[in-house]
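Below is one structure, written out as structure tokens; comments come after it.
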Amino acid sequence: MHASVLKYFVEVARCGSVRKASERLFVAASAVNRQILKLEEELGCELFDRLPAGLRLNPAGERLLRHAQETLQQYQLVRTEIDALRGERSGEVKVAAMDSFFEELLPATLEEFLQVFPAATYSLAAVQPMAVPPMVLAGEADLGLCFLHRLPAGVDVVARARLPLGVVMPPGHPMAALDEVPLDECARYPFLRSGTQPVIDAALSPAFAAFWEAMTPAATCNSTPLLKRLIRAGRGVSCFSKIAFMQELARGELVWRPFALPAVNALQVGVLLPSQRSVPGVCRDFAERMARRLAQLERAASAL
493 MHASVLKYFV
503 EVARCGSVRK
513 ASERLFVAAS
523 AVNRQILKLE
533 EELGCELFDR
543 LPAGLRLNPA
553 GERLLRHAQE
563 TLQQYQLVRT
573 EIDALRGERS
583 GEVKVAAMDS
593 FFEELLPATL
603 EEFLQVFPAA
613 TYSLAAVQPM
623 AVPPMVLAGE
633 ADLGLCFLHR
643 LPAGVDVVAR
653 ARLPLGVVMP
663 PGHPMAALDE
673 VPLDECARYP
683 FLRSGTQPVI
693 DAALSPAFAA
703 FWEAMTPAAT
713 CNSTPLLKRL
723 IRAGRGVSCF
733 SKIAFMQELA
743 RGELVWRPFA
753 LPAVNALQVG
763 VLLPSQRSVP
773 GVCRDFAERM
783 ARRLAQLERA
793 ASAL
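Here it is as structure tokens:
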């Protein structure tokens, strides 16, 4: 089966919809649907249950999905090796990262990388922090960037930095005068939440998990730029690492204070790679460059 057909199948399985898959693939929905039907005809069975709410893999489809993911991973690896034999610097870099990395660190690394690997292609997904390790483990991403806590077997940390969660607020906010922010003090003020899911595992800090569940947020938004604007406007405070706010903190536009929670203050972020499968060399090079920039960011953050 051709690699593009398997790619269409995997994307439809992920999205649960031919239309949504076609939008992500930049391919006409009719072409995607035609390839899925052709694949089912070739195998002699349906791969999806057609439901009113969309498509759902049946047992045959689930088995094919595992095969397709493994095949595409190996195919990409072979492509990279062939490119290396031809002397070309190409391949695909698949990254899953929490949203904070998309503000400065990841774009800067990508711009640098494009100068060295202009033929490489990129797949970059902004997801909740706890979703990153499972994506690396499942092969949906070859490289992950997230908080480090209770990582699953099969995922290696190749770089780490102490950049914990804290409270971001405008200058002059009452909590800006504190060295550390107690949770009960933070709960007194409007809170802007970056998503509905907790940003860290409840096992790391049960107190923080209880705070997160008990709060009634003034707003919930997964757009960091919009949250920055709301914080600057005094609409509330939020919970972030310094990663996404380096420029604003350096200019004095915003203030960051740690929580009065030792476990949260010891939290690290890191670069993840899979340990149980090979990834293209271009991904390892990208990870090394991310590691160098992460170390630089850690030093800069400590001075703010």
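Heads up, the final residue of the sequence shown is numbered 796 in the numbering used here, and it's a clean run with no missing numbers.
From the three backbone atoms N, C-alpha and C, an ideal C-beta is built for every residue, glycine too.
In this text the structure is predicted, and so the values were computed from the model without any measurement.
Exposed or buried, which one is residue 787 when buried takes at least 16 other CB atoms within 10 Å? By 1-based counting over the sequence shown, the position of residue 787 is 295. Residue 787 is classed as exposed because its beta carbon has fewer than 16 other beta carbons within 10 Å across all chains shown.
Go ahead and pull the three-state DSSP assignment for residue 613. Taking the first residue of the sequence shown as 1, we reach residue 613 at position 121. Secondary structure at residue 613: strand, using DSSP grouped into helix, strand and coil.
What residue does the alpha helix (DSSP H) around residue 784 start on, and which one ends it? Taking the first residue of the sequence shown as 1, we reach residue 784 at position 292. Unbroken alpha helix (DSSP H) run through residue 784: 773-794.
If residue 755 sits next to residue 696, beta carbons under 8 Å apart, how far is it from one beta carbon to the other, in whole angstroms? What you label residue 755 is simply residue 263 of the sequence shown in a count that begins at 1. What you label residue 696 is simply residue 204 of the sequence shown in a count that begins at 1. Sure, about 5 Å apart at Cβ, within 8 Å.
Backbone CA spacing between residue 714 and residue 790 [nearest angstrom]: Here residue 714 refers to the residue found at position 222 of the sequence shown. Here residue 790 refers to the residue found at position 298 of the sequence shown. Approximately 24 Å between the Cα atoms of the pair.
Per DSSP, what kind of secondary structure is residue 524 in: helix, strand or coil? Here residue 524 refers to the residue found at position 32 of the sequence shown. Residue 524 falls in the helix class under three-state DSSP.
By the DSSP assignment, the beta strand (DSSP E) with residue 596 in it spans what residues? Position 104 of the sequence shown, counted from the start, is the residue given in the question as residue 596. For residue 596, no beta strand (DSSP E) segment is defined, and its DSSP state is neither H nor E.
Please identify the residue among 750, 504, 588 whose C-alpha is closest to the C-alpha of residue 466. One cannot answer for residue 466 here, as it falls past the ends of the chain, which runs 493 to 796.
Give me the Cα-Cα distance between residue 723 and residue 730, rounded to the nearest whole angstrom. Numbered from 1 along the sequence shown, position 231 holds the residue referred to as residue 723. Numbered from 1 along the sequence shown, position 238 holds the residue referred to as residue 730. Their Cα atoms are separated by approximately 7 Å.
For residue 493, three-class secondary structure by DSSP: Translated into the one-based positions of the sequence shown, residue 493 becomes position 1. Annotation note: pLDDT 49 at residue 493 (below 50); position unreliable, no value reported.
Which residue spans inside the region 621-676 form an unbroken beta strand (DSSP E) run of at least 3? Within the region 621-676, the complete beta strand (DSSP E) runs of at least 3 residues are 635-640, 647-653, 658-661.
When the distance is taken between beta carbons, is residue 733 closer than 9 Å to residue 655? Translated into positions along the sequence shown, residue 655 becomes position 163. Translated into positions along the sequence shown, residue 733 becomes position 241. Between residue 655 and residue 733, the C-beta gap is smaller than 9 Å, which places the two residues in contact.
Secondary structure at residue 712, three-state DSSP: helix, strand or coil? By 1-based counting over the sequence shown, the position of residue 712 is 220. It is a strand residue.
Which residue's Cα is closest to the Cα of residue 664: 559, 557, 530, 728? On the sequence shown, position 172 is the one that residue 664 refers to. The residue with the shortest Cα to Cα distance from residue 664 is 728.
Would you grab the beta carbon distance between residue 647 and residue 543 for me? Rounded to a whole angstrom, and I think it's under 8 Å. Here residue 647 corresponds to residue number 155 of the sequence shown, with the count starting at 1. Here residue 543 corresponds to residue number 51 of the sequence shown, with the count starting at 1. Their Cβ separation, rounded to whole angstroms, is 33 Å, which puts residue 647 and residue 543 out of contact at 8 Å.
Can you tell me which of 539, 704, 760 puts its alpha carbon nearest to the alpha carbon of residue 643? Stepping through the sequence shown from its first residue, residue 643 is reached at position 151. Measuring from the Cα of residue 643, the nearest candidate turns out to be 760.
For the alpha helix (DSSP H) that residue 738 lies in, which residues bound it at each end? Translated into positions along the sequence shown, residue 738 becomes position 246. Residues 738-742.
Going by C-alpha distance, which of 666, 497, 689, 688 is nearest residue 679? The residue labelled residue 679 in the question sits at position 187 within the sequence shown. The option with the nearest alpha carbon to residue 679 is 666.
Helix, strand or coil at residue 730 [DSSP, three-state]: Here the question's residue 730 lines up with position 238 in the sequence shown. Residue 730 falls in the strand class under three-state DSSP.
Residue 763: first and last residue of the uninterrupted beta strand (DSSP E) it sits in: Sequence index remark: in the sequence shown, residue 763 carries index 271 (1-based). 760-766 is the extent of the beta strand (DSSP E) around residue 763.
Using the Cα positions of residue 673 and residue 708, report the straight-line distance between them to the nearest angstrom. Your numbering for residue 673 matches position 181 in the sequence shown. Your numbering for residue 708 matches position 216 in the sequence shown. Distance between the alpha carbons of residue 673 and residue 708 is about 18 Å.
Can you give me the Cβ contacts of residue 520 inside the same chain, cut-off strictly under 7 Å, excluding the 5 residues immediately before and after it? Stepping through the sequence shown from its first residue, residue 520 is reached at position 28. Counting only residues of its own chain and dropping the five nearest sequence neighbours on each side, residue 520 has a CB closer than 7 Å to the CB of 514.
Among the candidates 550, 778, 594, 683, whose CA atom is the shortest distance from the CA of residue 620? For the purposes of this step, residue 620 is taken as residue 128 along the sequence shown, with counting starting at 1. Selection 550, 778, 594, 683 evaluated against residue 620 yields 594 as nearest (Cα-Cα).
Near residue 693, which residues of its chain fall below 6 Å by C-beta distance, leaving aside the five closest residues on each side in sequence? Your numbering for residue 693 matches position 201 in the sequence shown. Hits under 6 Å: 641, 642.
From this set, 653, 495, 633, which residue's C-alpha is nearest residue 772's C-alpha? Your numbering for residue 772 matches position 280 in the sequence shown. That would be 633, whose Cα lies nearest to the Cα of residue 772.
Exposed or buried, residue 630, counting other C-beta atoms within 10 Å across all chains shown (16 or more means buried)? Translated into the one-based positions of the sequence shown, residue 630 becomes position 138. Exposed, because fewer than 16 other Cβ atoms sit within 10 Å of the Cβ of residue 630.
Check residue 724 in the structure and name its three-state DSSP category. Looking up residue 724 in the sequence shown gives position 232. Residue 724 falls in the helix class under three-state DSSP.
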